[in-house]
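Protein chains in written order, with my numbering: chain A, 201 to 545; chain B, 201 to 545. Below: one structure, written as structure tokens.
Protein chains: 2
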Amino acid sequence: MAGGIGSRFWPVSTEEYPKQFHDLLGSGETLIQKTFKRLQKIVPSENILILTNERYKNLVLEQLPEVVENQLILEPAMRNTAPCILLSALKIQKQNPEAVMLVAPSDHWIEDEKAFQENIIIAFENCSNNDVLMTLGIKPTFPNTGYGYIEFEKAQNEIKKVLRFTEKPDYKTAKKFLSEGNFMWNAGIFVWSVKSIISSFENFSPDLFHLFENGKEYYNTAHENNFIISNYKKAENISIDYAILEKSPKVYMLPATFDWNDLGTWGSLYEKLQKDKHNNVTIGGKTLFLESENNIVHTEKDKLVVLSNLTDYIIVDNGKTLIIVPKDKEQEIKQIREVAKKKFN
Amino acid sequence: MAGGIGSRFWPVSTEEYPKQFHDLLGSGETLIQKTFKRLQKIVPSENILILTNERYKNLVLEQLPEVVENQLILEPAMRNTAPCILLSALKIQKQNPEAVMLVAPSDHWIEDEKAFQENIIIAFENCSNNDVLMTLGIKPTFPNTGYGYIEFEKAQNEIKKVLRFTEKPDYKTAKKFLSEGNFMWNAGIFVWSVKSIISSFENFSPDLFHLFENGKEYYNTAHENNFIISNYKKAENISIDYAILEKSPKVYMLPATFDWNDLGTWGSLYEKLQKDKHNNVTIGGKTLFLESENNIVHTEKDKLVVLSNLTDYIIVDNGKTLIIVPKDKEQEIKQIREVAKKKFN
């Protein structure tokens, strides 16, 4: 899934060039390139579908030269995750009714690729043999109020039965979840057989199911694109979590054994990058920090940035736009972007 | 005088393109253009000499198209004010031994041009008739520790006898000066006859006097430039204040009746510019201030700058360099520039 616009990473991430197509970590590879390589170790390249907005078609093809056009599912309208997941499940089912599929965001950080592979293979096996929907759970390290939480049944099994999902709890609730022990972060990485997910849509999201079931004869043919263009925009703008996972009684969780970060905000990126002795992070430019600590500075490559007496700030400059925002206001960057667009466009 | 590099206005003011050649006030004219226009109302254009470093020759000729090359005194080495003032006095004397001259920095802010003219004319008359050195005094509005102070004899005369100069006093001393009433800021604007200033050099700075007196036969001829190139660098690096004014017993001050600002720092520029309702100043770019007050933001024309939760800061971005420095550290920008140059060049 590579259709988001990463608006909390504005001004680096923009509608024209969103986050997943940037080398946010300064590793030499963009996030989608890193994700594709990670998945290639588990799934043959030609079986990887990229779900993105049609405007990013050329970006995907440039950044993933091994991908051919029929691996792209190009969304003609911006929708949440449920429609594109159902559509891809139906396309895969038409190729192989017994298929098991992995759904993964293109813009997350996962360092331990071996552990990731092992986890996914366990989930694949479980979903091949059982009519279940699986999600990967991340052991929470602090009461993050920006994530979704999975409550699971306390039991000794490796694979846990999911009791409930809670999106973005308040701080007090998040603290309580951590202390109770049977809560994990929802990484948004899912495994299921196409049979299980499609029947779940039929049960819990019948409108979406019928909308896309109607196109079955066109999928993987020259007529697919026309069908998508005519129908995709009719799809409800709903996440897979709300549409299916919160309703289905057969959702299970595998606790991930790898470190994970959703790179959802500048602060979460800060956590993952190397810091100088005053805990400042520099991406791209040359920096001079004077009485300044715990900042993250992201600029174009040759830019010189001098900070004096500034602590816990996000400083991002892409040439056209400069933002200077405290780290604890990182969630507001999305709204700030809207305000700036309204005021100056 | 247009030879400074305005290093406290870094990164906008640079060695290659210093402060006086910038439109710092956003008025549509650079500081040297504004100064030239102000002086033109008192002194015929062709009698205005521009003293600057040779590297700024083209900048001066571009920005002041009415100026011809023989109005330029091009310094082959960076020196303080005394050498260039003596040299220009000798050149003027050779044209007119009875001349009275006005010495003025090219990069100050003076709004009331009429009052300025009136003050200068009073000083011209006084210096035509008396063997005195005159400086303009600015009534201090607060105990600024970055300026020089003139102590004058308490008397009812319009023109005051100067008792003493004090450069950059500490805050306590500056406060005492203000309470005593007979102290003014030294604006660095001087009037004297060439006769008086040259004889003062002969008395109080004989080395400088002889160095430049030696070139008398070359001044205003085709050989002048060669003489300056060979000799200017031998001149002591000393200000007119230290070389002459602090030593001479015949220094007088006219209290200026105009508002003045030396535009010596970003903070002094901030004082002179229009503020929004949260007392933020924007020069050049488009700004969005969120919970941010009393800042000055100077960027390229189309840049968008978002500040969140920042108060009393100087934010300057010239495309290559971005600085974010508290206003109360503005005096450090000069040193910061040095540190940055050492670290990254």
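Where a beta carbon is used, it is the ideal one built from N, C-alpha and C, also for glycine.
Neighbourhood of residue i by C-beta distance below 7 Å, restricted to the same chain and skipping five residues each side
i, result
"Ser306/A", "Met201, Ala202, Gln220, Leu231, Ile232, Thr235"
"Leu261/A", "Val267"
"Leu378/B", "Pro340, Pro343"
"Phe316/B", "Arg238, Ile310, Phe458"
"Glu353/A", "Lys360, Lys361, Leu363"
"Ala540/A", "none"
"Leu510/B", "Ser492, Asn495"
"Asp407/A", "Glu436"
"Ser448/B", "Leu333, Ser400, Phe404"
"Tyr419/B", "Leu290, Lys291, Lys294"
"Ile428/A", "Pro276"
"Asn479/B", "Glu493, Asn494"
Close Cβ partners of residue i (< 6 Å) along its chain, the five nearest in sequence each way excluded
i, result
"Ile483/B", "Gly226, His498"
"Asp168/B", "Beyond the ends of chain B as shown, which are 201 and 545, falls residue 168/B; an answer cannot be given."
"Ala304/A", "Ile389"
"Glu313/A", "Arg238"
"Asn518/A", "Pro211, Val212"
"Trp385/B", "Ile338, Pro340, Tyr347"
"Ala374/B", "Pro343, Thr345"
"Trp460/B", "Ile310, Ile338, Ala387"
One or two residues paired with residue i in a DSSP bridge
i, result
"Ile523/A", "Val516/A, Val506/B"
"Ile310/B", "Trp460/B"
"Ile292/B", "Answer is none; Ile292/B lacks a bridge partner."
"Val253/B", "Here residue 253/B is Asn; the residue named in the question, Val, does not match the sequence. DSSP lists Glu275/B as partners of Asn253/B."
"Met201/B", "Note: Met201/B sits in no beta bridge, so no partner."
"Val300/B", "Ser393/B"
"Trp385/A", "Ile338/A, Tyr349/A"
"Thr511/A", "Glu493/A"
CA-to-CA distance, residue j to residue i, given in whole angstroms
i, j, result
"Asn326/A", "Val516/B", "58 Å"
"Pro244/A", "Ile338/A", "26 Å"
"Lys360/B", "Pro297/B", "26 Å"
"Val391/A", "Asn357/A", "18 Å"
"Leu222/A", "Thr214/A", "Before going further, note that residue 222/A is His rather than Leu in the sequence given. Roughly 10 Å separates the two Cα atoms."
"Glu246/B", "Lys450/B", "30 Å"
"Ser508/A", "Asp528/A", "19 Å"
"Lys291/A", "Asn414/A", "12 Å"
"Asn495/A", "Glu229/A", "23 Å"
"Ser468/B", "Thr252/B", "23 Å"
"Gly206/A", "Val481/A", "20 Å"
"Asp462/B", "Tyr470/B", "12 Å"
"Ile514/A", "Pro526/A", "6 Å"
"Asp476/B", "Phe383/A", "49 Å"
"Glu402/B", "Ala422/B", "26 Å"
"Lys376/A", "Glu446/A", "21 Å"
"Ser288/B", "Ile536/A", "56 Å"
"Glu380/A", "Ile350/A", "12 Å"
"Ile398/B", "Phe409/B", "8 Å"
"Gly370/B", "Thr335/B", "With the sequence shown as reference, residue 370/B is identified as Asp, and Gly is not the correct amino acid for it. In a straight line, the C-alpha of Asp370/B is about 23 Å away from that of Thr335/B."
"Leu224/A", "Ala456/A", "24 Å"
"Pro265/A", "Arg255/B", "51 Å"
"Ser393/B", "Tyr452/B", "13 Å"
"Ile444/A", "Phe365/A", "11 Å"
"Lys257/B", "Glu424/B", "16 Å"
Own chain, CB closer than 8 Å to residue i, minus 5 neighbours either side, in chain order
i, result
"Leu302/B", "Leu239, Ile242, Val243, Ile320, Ala323, Phe324, Ile389, Phe390, Val391"
"Asn431/B", "Leu411, Phe412, Asn414, Gly415"
"Thr465/B", "Arg208, Phe209, Gly346, Glu530, Gln531, Ile533"
"Gln263/A", "Phe221, Thr230, Ile232, Gln233"
"Glu500/A", "Gly484, Gly485, Asp517, Asn518, Gly519"
"Ile248/B", "Phe236, Leu239, Gln240, Val267, Gln271"
"Cys284/A", "Met201, Gly203, Leu251, Ile273, Glu275"
"Leu286/B", "Ile397, Ile398, Phe401, Ser405, Leu408, Phe409, Phe412"
8 Å Cβ cutoff, residue i in contact with chain C
i, result
"Ser508/B", "The structure shown contains no chain C; the protein chains it does contain are A and B."
Three CB pairs or more closer than 8 Å across the region 431-444 of chain B and the region 274-281 of chain B: Contact holds: three or more Cβ-Cβ distances are below 8 Å.
Runs of 3 residues minimum, wholly inside the region 319-377 of chain B: which ones carry the beta strand (DSSP E) assignment? Qualifying beta strand (DSSP E) stretches, in chain order: 333-338, 348-352, 360-367.
Mind listing, in chain order, the continuous alpha helix (DSSP H) runs of no fewer than 4 residues lying wholly within the region 420-501 of chain A? Scanning the region 420-501 of chain A from its first residue to its last, the whole alpha helix (DSSP H) runs of 4-plus residues come out as 424-431, 466-472.
Three-pair Cβ contact test at 8 Å for the region 515-533 of chain B versus the region 502-518 of chain A: Because the criterion of three Cβ pairs below 8 Å is met, the region 515-533 of chain B and the region 502-518 of chain A touch.
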